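For reference, the structure is listed below as structure tokens.
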Amino acid sequence: ILLAYFYLKLILLVFRNSRRYIKETYRLAILYLIS
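For what it's worth, our numbering labels the leading residue of the sequence shown as 1, then goes sequentially.
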């Protein structure tokens, strides 16, 4: 449940600022995948 919530929050963040936080989101996604 927690993972789903985090994923949803990330998607929402990307949707809100897809141009500004695209790089940061990508990095976070990579870190999340590694973890």
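All residues carry an ideal CB built from backbone N, CA and C; glycine is no exception.
The structure displayed is predicted, hence computed values, not measured ones.
*When you compare only the Cα positions, how much space is there between ILE12 and ILE1?*
On the sequence shown, position 12 is the one that residue 12 refers to. On the sequence shown, position 1 is the one that residue 1 refers to. Residue identity differs from the one stated: residue 12 is Leu in this sequence, not Ile. The straight-line gap from Cα to Cα measures roughly 16 Å.
For THR25 and LEU8, believed in contact at Cβ under 8 Å, the rounded distance
Along the sequence shown, one-based indexing puts residue 8 at 8. Along the sequence shown, one-based indexing puts residue 25 at 25. Actually they do not touch by this definition, with Cβ atoms about 13 Å apart.
Problem set entry | Extent of the continuous alpha helix (DSSP H) run through ILE11 | Mapped onto the sequence shown, residue 11 falls at position 11. Per DSSP, ILE11 belongs to the alpha helix (DSSP H) from 2-16.
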